[in-house]
Every structure is written in C-alpha cells, then in structure tokens.
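These notes are about the structure you will find just below.
Residue numbers (my numbering), protein chains in the order written: chain U, 4 to 179; chain R, 5 to 233.
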C-alpha cells in the first residue's frame, strides 16, 4: 500500500510512485478547473503534500486512493478559488464550483476518473469506445473506417464496455 | 436471435451504434430474456459516464512538480526531526580555530587515512560569515566541489560537479546528513558534458550535518560523498 508507506518513506520512493500513477490525471483535473498551468502545478504539489501529511488518516476501507486524492484536490481547488475571490486583482476563470464548460467539480472529477479508466483499456478497446461514443459512428461506419469485419467491431465494442465497467469498479467508480 | 448473438451486440446497443433494424431486434430479445437484460443493465450506465470524459486527455505528470514535491517533503521531514531531537554538539568550530582544523584534515588526506574530503578555509574577508569548501568524491570518476555558507534559515550550497554520465534524464539529489538524519538540499541534472553547477539551499544549518552526499534518483544510489570533519 503506497499511502501506508508514505510516512516512513525515507527515500521518497513511495511518494514518487504515487505521483507517477496519479499526478497526470490530477494535473489535468486541476488545470481544467483553474485554467492556469502554474497554478495547477502548485495545486498538484499541494495535493500530494497534503496526502503525505495526512497519510495516517487515509482509510482504505472508505475510499480508493484515487478517490481520496481527488477529494483532496477538490478541496484544494475550492480553497484556491476562495482565496482568489477575496483578492479582486486576480481573476479566475471559474467560480462557484463551475468549470469553464459549466460542469461542476464533481462532474469534472468523475470525467477525469473515467478518462483514466479509458487509459487502462487496450488501444483496440479504447478505439471502439472513442469512435462509437465520442465520434458518434455506428458499428457499420466503424467497420468501414477501420477495415475490420462488422462482427469483430461489434464483439470488440462489447468486450471494451465490459472491461471499462470492471476497471471503473476497481477504481471505486461505480456506475449507477 | 440467439442469446450469444445478442450479447455480442450489447456494447453497440448501449452506445446506440446499431442500425435501426438491429436495435429493434435486440430490444425485442431483451424484453423476453432476463439474463441478457441483466447484462445490458451492467453496461447501460456507461455512456452517461463516458460523456463526462469527452475531450479529456490525461496529460503527463509534470516532472518539475515531482522534484519540488520530494524536496519539500525532505525539508519538512528534516525540520520535524530538528524539532524533536535535541541539538547535538556543533560539529564545526567557530572560524577562529578553523585553520588548525583545515591543517589537520589536510594532514589526514596526505597520510591517506581514508579521508575523502577536506575542510578548507574559504578566502572570506575577516568578519564575514564563515563558509566552507568541501570536496566530494565517488566511484566512477565523478567528483565535486561544494561551498557551504550560512543562508537564511539554513545553508546555501554551491556545487560544482564533473565526471557524471553526460546529460540524459538522470536527476541527482543533494543531501545533508548525519547518522540517522537527512535533509534534502535539492536536485540537479548533469549537462551534456557530465558537468553541473548549481546553487541550492537547505533548511539544514551548518553544524547540523556531517556529510554532504549526492544520490541518484530514483534508486538513491550513492554518487558522491564528502565528510565535513
């Protein structure tokens, strides 16, 4: 357990491993919420620092590590926005829990975790989901575009969604 | 339509990517087959979740944040130890007696008695804060010279390194240490000629550590080391 190893982590190995697993998506999440690279970097650093300081309070029975880190990030983003709102000289592009696209922080957190889940699928599975869901292509159109037999496209899409469901369950994101 | 045939289409059905006639055939089967309907129910919530992820590409974790984070943690850990542990004897004498110490260290080196570093007097004008020069040696031909001077709340450390493997992504960390205690002074990378010159600061104060060590990240392998006494 990486989080349990954090406090006694003399060499920084556990923290480095934790950062390399979750740093990218948390950076994406905070960059999206704050709209500024420097501010997002500062905030991600703060998130992992808080995780290190409060590692003793982490309860694996209550939340997955990823969920816990996202909660810390969410709170840090809210703190950061609150600080910015009392300093009128600084403009923040998003307020009151809304990101630029109008999604709430909770929706954005969910989105980044789903994006992380997609990254864990095989490229073939990810391709099927992207083409059908994000590009709105039908199975027939995907078969034409990729040159794959229609039956393969259909079964691959089925396996892709099943894998996604399993990955999300492992990550503690339960579709309802 | 057989269950096996329907199952293979359930992904496409959930994503609404079937042709109208296929979609109707699957819907008719699901209305009469609880097993296939249960499988569909597991997949049906996924498109709504996926919609939240549209357009999101996970970026690389910024390496600079990783380095700053580890430095900060090393400093906080060091500061915590200082508060918990009583201050040990001051390891370095006041500057008045340093010439004698330097002479002793030099003698040790000349005699080859395992001395890896020298403490030499810096050419600072009288009355200015003491600074120390230190030689760090290591296996593999790398060597370094360090100048340590008291800085705000700690030590300022100038480090000249040569003989490292050239360039690359290797990150080196400078640590100020005594047995059972270690504080990071920061990190650096070597240039294309295997050299580096960096100015670092650490919360560790002169007298609190006995050794300056350079380790390679992430495996913490020893690269260079120099003792202060």
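Just so you know, even glycine gets a beta-carbon here, dropped at the ideal spot from N, CA and C. Given the structure is predicted, the values throughout are model-derived calculations rather than measurements.
Notebook entry, point to check: At a CB-CB cut-off below 7 Å, which residues of chain R make contact with residue 142(U)?
Noted result: Looking up residue 142(U) in the first chain gives position 139. Within 7 Å of the CB of residue 142(U), the CB atoms of chain R belong to 16, 21, 22, in sequence order along the chain.
Note to self: Helix, strand or coil, according to DSSP, for residue 148(R) in the structure here?
What the structure shows: For this step, residue 148(R) is matched to residue 144 along the second chain. Look at residue 148(R) here: in three-state DSSP terms it is strand.
Notebook entry, point to check: Within the 8 Å Cβ cut-off, does residue 54(R) reach chain U?
Noted result: Counting from one through the second chain, the residue named residue 54(R) turns up at place 50. Cβ-Cβ to chain U under 8 Å: yes for residue 54(R).
Item checked: chain R within 8 Å of residue 164(U), Cβ atoms only -> Start at 1 with the first residue of the first chain, and residue 164(U) comes out as number 161. Using a CB distance cut-off of 8 Å, residue 164(U) counts as an interface residue toward chain R.
Next item on the list: Report the rounded CA-to-CA distance for residue 143(U) versus residue 18(R), giving the unit in angstroms.
Entry: Position 140 of the first chain, counting from 1, holds the residue named residue 143(U). Position 14 of the second chain, counting from 1, holds the residue named residue 18(R). Computed Cα separation, rounded: 15 Å.
Notebook entry, point to check: Under 8 Å Cβ-Cβ, which residues of chain U neighbour residue 12(R)?
Noted result: Residue numbering aside, residue 12(R) sits at position 8 when the second chain is read from its first letter. Near residue 12(R) (Cβ distances below 8 Å), the residues of chain U are 154, 157, 158, 161.
Next item on the list: Alpha carbon to alpha carbon, how far is residue 16(U) from residue 173(R)? Give it in angstroms, no decimals.
Entry: Indexing the second chain from 1 puts residue 173(R) at position 169. Indexing the first chain from 1 puts residue 16(U) at position 13. Straight-line Cα distance between these residues: approximately 17 Å.
Notebook entry, point to check: What span of residues does the alpha helix (DSSP H) with residue 170(U) cover, start to end?
Noted result: Residue mapping note: residue 170(U) aligns to position 167 of the first chain, counting from 1. That run of the alpha helix (DSSP H) goes 153-173.
Item checked: Limits of the unbroken alpha helix (DSSP H) element including residue 114(U) -> Within the first chain, the letter at position 111 stands for residue 114(U). Its alpha helix (DSSP H) spans residues 108-122.
Notebook entry, point to check: Is residue 39(U) helix, strand or coil by DSSP?
Noted result: Stepping through the first chain from its first residue, residue 39(U) is reached at position 36. Here residue 39(U) sits in coil by DSSP.
Notebook entry, point to check: Excluding five sequence neighbours on each side, which residues of the same chain lie with their C-beta closer than 6 Å to the C-beta of residue 126(R)?
Noted result: As a first step, residue 126(R) must be located in the second chain, where it is residue number 122. Confidence at residue 126(R) is low in this model, with a pLDDT of 39, below 50, so its placement is unreliable and the value that follows should be read with caution. For residue 126(R), same chain residues with a beta-carbon under 6 Å away, outside a window of 5 residues either side, are 135, 137 in chain order.
Next item on the list: Please state if the CB of residue 112(U) and the CB of residue 73(R) are separated by a distance shorter than 8 Å.
Entry: Position 69 of the second chain, counted from the start, is the residue given in the question as residue 73(R). Position 109 of the first chain, counted from the start, is the residue given in the question as residue 112(U). No, Cβ-Cβ distance for residue 73(R) and residue 112(U) is not below 8 Å.
Notebook entry, point to check: Taking the alpha helix (DSSP H) that residue 89(U) falls in, what are its first and last residues?
Noted result: Taking the first chain and counting its residues from 1, the one referred to as residue 89(U) is at position 86. It is not in any alpha helix (DSSP H) - residue 89(U) carries neither H nor E in the DSSP assignment.
Checklist line | CA-to-CA distance, residue 228(R) to residue 215(R), given in whole angstroms | finding: Your numbering for residue 215(R) matches position 211 in the second chain. Your numbering for residue 228(R) matches position 224 in the second chain. Looking at the two C-alpha atoms, the distance is approximately 10 Å.
Next item on the list: Establish whether the CB of residue 70(R) and some CB of chain U are separated by less than 8 Å.
Entry: The residue given as residue 70(R) occupies position 66 in the second chain. So, interface residue.
Notebook entry, point to check: What in chain U is Cβ-close to residue 66(R), meaning under 7 Å?
Noted result: Walking along the second chain from the start, residue 66(R) turns up at place 62. Within chain U, the residues 30, 44 have their CB atoms less than 7 Å from the CB of residue 66(R), given in chain order.
Margin query: Can you tell me where the alpha helix (DSSP H) holding residue 143(U) begins and where it ends?
Written below: Counting from one through the first chain, the residue named residue 143(U) turns up at place 140. Run containing residue 143(U): 142-149, per the alpha helix (DSSP H) assignment.
Check: Do we get a CB-CB distance below 8 Å when we pair residue 232(R) with the residues of chain U?
Finding: In the second chain, residue 232(R) corresponds to position 228, counting from 1. At least 8 Å separates the CB of residue 232(R) from every CB of chain U.
Next item on the list: Would you kindly check if the distance between the Cβ of residue 34(U) and the Cβ of residue 43(U) is under 8 Å?
Entry: Along the first chain, one-based indexing puts residue 43(U) at 40. Along the first chain, one-based indexing puts residue 34(U) at 31. A contact, by the Cβ cut-off of 8 Å.
Next item on the list: Starting from the beta carbon of residue 220(R), find every residue of chain U whose beta carbon is closer than 8 Å, and list them in chain order.
Entry: Working through the second chain from its first residue, we reach residue 220(R) at position 216. Chain U residues near residue 220(R): none, gap ~11 Å exceeds 8 Å.
Check: Using a beta-carbon distance below 8 Å, is residue 138(R) in contact with chain U?
Finding: By one-based count along the second chain, residue 138(R) stands at place 134. With a threshold of 8 Å between beta carbons, residue 138(R) makes no contact with chain U.
Item checked: Among 221(R), 187(R), 225(R), the one whose alpha carbon lies nearest that of residue 208(R) -> Within the second chain, residue 208(R) is the residue found at index 204, counting from 1. Minimum Cα distance to residue 208(R) is reached at 187(R).
Note to self: Quick check on residue 14(U) - is its C-beta less than 8 Å from some C-beta in chain R?
What the structure shows: Mapped onto the first chain, residue 14(U) falls at position 11. By this cut-off, residue 14(U) is an interface position.
Check: Are at least three pairs of beta-carbons, each pair with one atom in the region 144-164 of chain R and one in the region 189-209 of chain R, less than 8 Å apart?
Finding: Segments in contact, yes.
Checklist line | Environment of residue 40(R) [buried if 16+ CB atoms lie within 10 Å] | finding: Here residue 40(R) is taken as the residue at index 36 of the second chain, counted from 1. When all chains shown are included, residue 40(R) counts as buried.
Item checked: residue 208(R) at chain U interface by Cβ criterion, 8 Å -> Start at 1 with the first residue of the second chain, and residue 208(R) comes out as number 204. Chain U has no Cβ within less than 8 Å of the Cβ of residue 208(R).
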